[in-house]
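All remarks here apply to the structure that follows.
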Ligand code: GDP
Ligand code: MN
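Numbering (my numbering), first residue to last: 1007 to 1437.
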């Protein structure tokens, strides 16, 4: 059954996995269970690429119009391209709230770079951003190159392939999703054995499928191999280059870049994780991430406090089936500590929309007694003013229930998820 709330939450999660790769659309649960926290801007990704032999344009990054002008003068190029740095894709077709159209601008006159940049340090709305757009804080000022052909290239860690896969199309440019939908025969894939690495024959075949001819074929294959090596070296889950282009002078160039990373590799990718650009997150998401909690905002009035993305979806659905609306969900994950429970409550109750809290924890790895102690501490210290319904199940549940029952706090306990949802919805309706 299609569940409306899960679909809404799914959409949100999708928005969070910004500039989603082509294949992700086929595995929504993958996105739900593995939200990526690390996001780099295009200029940061391109720095990693150029440090590893991948061909990108010369560029500077500017925070102000005068810095942009200075950068254009330093580049001393025939033509300059200005690119708004936001995490969402579709910038080329985006619109600024300054009135300027297009998040990517080309000009042959370095004198207008300042004026253009000035109109770009505004909100930019694209088909991947919220309606009001995202505030642009940095503009990339790069040497523009003529493009004779735009292709698409991505390397993804793909579940259905049990490893990396190269995905490419000779029809690159702005709307790759459309190509995938209308001309699937123009999407080419090469499954890579992670132990053997990319074979020359695979890189050559992809280069050919992308339409690189003559000496360009070797050059493209070489770039593809370098991109694959980078993908492995930095523990990426996605490297997407669109356009992977060709110039009339016979150069293969990565004109755009989007890289996603494996969160579990943070311990060995410290330099990259230190570059994390969190400026576009909701402040509450950042605050949650500081305590290893995952927060997703929704628009109802019942806060959900759960462990695991699956349980979060189920909780949201059962609330709506009982006539209520979830305000958000906060996912504790496994290995939870008492202090995290306290922080989680602090975050949930800081949201003025919240009129009730539903705790739905299934103790597998999680010890219910730790949750109960965290809840009791939070209720006392935060002087909780909204009804609290708690459903705990699993490891140490009897001790946990005993702790809650003898706490003297007005906590409603529930026997199962259905019961919990009914009680939470009723507590809001009474008000
Ligand atoms: P996106 O719209 O967010 O994916 O931003 P891109 O960086 O992919 O830029 C959008 C489009 O602008 C590209 O598909 C190109 O057609 C064009 N573009 C970007 N950089 C250059 C450049 O240096 N020269 C030329 N001629 N076009 C460019
Ligand atoms: Mn692009």
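Glycine is no exception: its CB is placed at the ideal position from the N, C-alpha and C atoms.
Quantities reported herein were computed from a predicted structural model and do not represent experimental measurements.
By the three-class DSSP mapping on this structure, what secondary structure does residue i have?
{"i": "residue 1072", "result": "helix"}
{"i": "residue 1343", "result": "coil"}
{"i": "residue 1255", "result": "coil"}
{"i": "residue 1155", "result": "strand"}
{"i": "residue 1348", "result": "helix"}
{"i": "residue 1288", "result": "coil"}
{"i": "residue 1298", "result": "coil"}
{"i": "residue 1271", "result": "helix"}
{"i": "residue 1201", "result": "coil"}
{"i": "residue 1161", "result": "strand"}
{"i": "residue 1063", "result": "coil"}
{"i": "residue 1408", "result": "helix"}
{"i": "residue 1098", "result": "helix"}
{"i": "residue 1403", "result": "helix"}
{"i": "residue 1078", "result": "helix"}
By a C-beta neighbour count over all protein chains shown, 10 Å radius and 16 as the cutoff for buried, is residue i buried or exposed?
{"i": "residue 1259", "result": "buried"}
{"i": "residue 1088", "result": "buried"}
{"i": "residue 1080", "result": "exposed"}
{"i": "residue 1371", "result": "exposed"}
{"i": "residue 1200", "result": "exposed"}
{"i": "residue 1264", "result": "buried"}
{"i": "residue 1337", "result": "buried"}
{"i": "residue 1006", "result": "Residue 1006 is absent from the structure shown; the chain starts at 1007 and stops at 1437."}
{"i": "residue 1174", "result": "buried"}
{"i": "residue 1420", "result": "buried"}
{"i": "residue 1072", "result": "exposed"}
{"i": "residue 1358", "result": "exposed"}
{"i": "residue 1427", "result": "buried"}
{"i": "residue 1179", "result": "buried"}
{"i": "residue 1038", "result": "Unreliable placement is indicated for residue 1038, whose pLDDT of 31 sits below 50; the coordinate value is still reported in the next sentence. Buried, since its Cβ has 16 or more Cβ neighbours within 10 Å."}
{"i": "residue 1189", "result": "exposed"}
{"i": "residue 1422", "result": "exposed"}
{"i": "residue 1097", "result": "buried"}
Please list the terminal residues of the continuous alpha helix (DSSP H) segment that includes residue i.
{"i": "residue 1170", "result": "Segment 1169-1175 is the beta strand (DSSP E) holding residue 1170; no alpha helix (DSSP H) there."}
{"i": "residue 1133", "result": "Taken as a continuous stretch (DSSP letters only), residue 1133 belongs to no alpha helix (DSSP H), as it is neither H nor E."}
{"i": "residue 1231", "result": "1221-1239"}
{"i": "residue 1053", "result": "1048-1057"}
{"i": "residue 1124", "result": "1119-1126"}
{"i": "residue 1308", "result": "Counting along the chain, residue 1308 falls outside any alpha helix (DSSP H), though it belongs to the beta strand (DSSP E) covering 1308-1312."}
{"i": "residue 1327", "result": "1315-1327"}
{"i": "residue 1208", "result": "1206-1215"}
{"i": "residue 1193", "result": "Run containing residue 1193: none; DSSP gives neither H nor E here."}
{"i": "residue 1218", "result": "No alpha helix (DSSP H) holds residue 1218; DSSP gives it neither H nor E."}
{"i": "residue 1277", "result": "1276-1279"}
How far does the beta strand (DSSP E) with residue i in it extend, from its first residue to its last?
{"i": "residue 1089", "result": "1086-1090"}
{"i": "residue 1147", "result": "1145-1149"}
{"i": "residue 1185", "result": "Run containing residue 1185: none in the beta strand (DSSP E); it sits in the alpha helix (DSSP H), 1182-1188."}
{"i": "residue 1337", "result": "1332-1337"}
{"i": "residue 1112", "result": "1110-1113"}
Which runs of the alpha helix (DSSP H), 4 residues or longer, sit entirely within the stretch 1352-1401? 1374-1388
Validate contact between the stretch 1292-1311 and the stretch 1346-1361 using beta carbons, cut 8 Å, 3 pairs: yes
Run through the stretch 1412-1436 for me and flag every whole alpha helix (DSSP H) of 4 or more residues, listed as ranges in chain order. 1423-1435
Any chance the stretch 1058-1074 sits against the stretch 1096-1112, with 3 or more Cβ pairs inside 8 Å? no
For the pair the stretch 1261-1281 and the stretch 1181-1193, tell me if three or more CB-CB distances fall below 8 Å. no
The stretch 1044-1052 / the stretch 1113-1126 touching (three or more Cβ pairs under 8 Å): no
Flag this pair as touching only if the stretch 1152-1164 and the stretch 1132-1141 have three or more C-beta atom pairs under 8 Å; answer yes or no. Too few Cβ pairs lie closer than 8 Å, so no.
For the stretch 1396-1411 and the stretch 1357-1376, state whether three or more C-beta atom pairs, one from each stretch, are separated by less than 8 Å. yes
Does the pairing of the stretch 1299-1313 with the stretch 1329-1336 give three or more beta-carbon distances under 8 Å? yes
Determine, using beta-carbon pairs with one atom in the stretch 1204-1214 and one in the stretch 1229-1240, whether at least three such pairs fall under 8 Å. Contact between the stretch 1204-1214 and the stretch 1229-1240 is present, with at least three C-beta pairs closer than 8 Å.
Determine, using beta-carbon pairs with one atom in the stretch 1359-1370 and one in the stretch 1384-1401, whether at least three such pairs fall under 8 Å. Contact between the stretch 1359-1370 and the stretch 1384-1401 is present, because at least three Cβ pairs lie under 8 Å.
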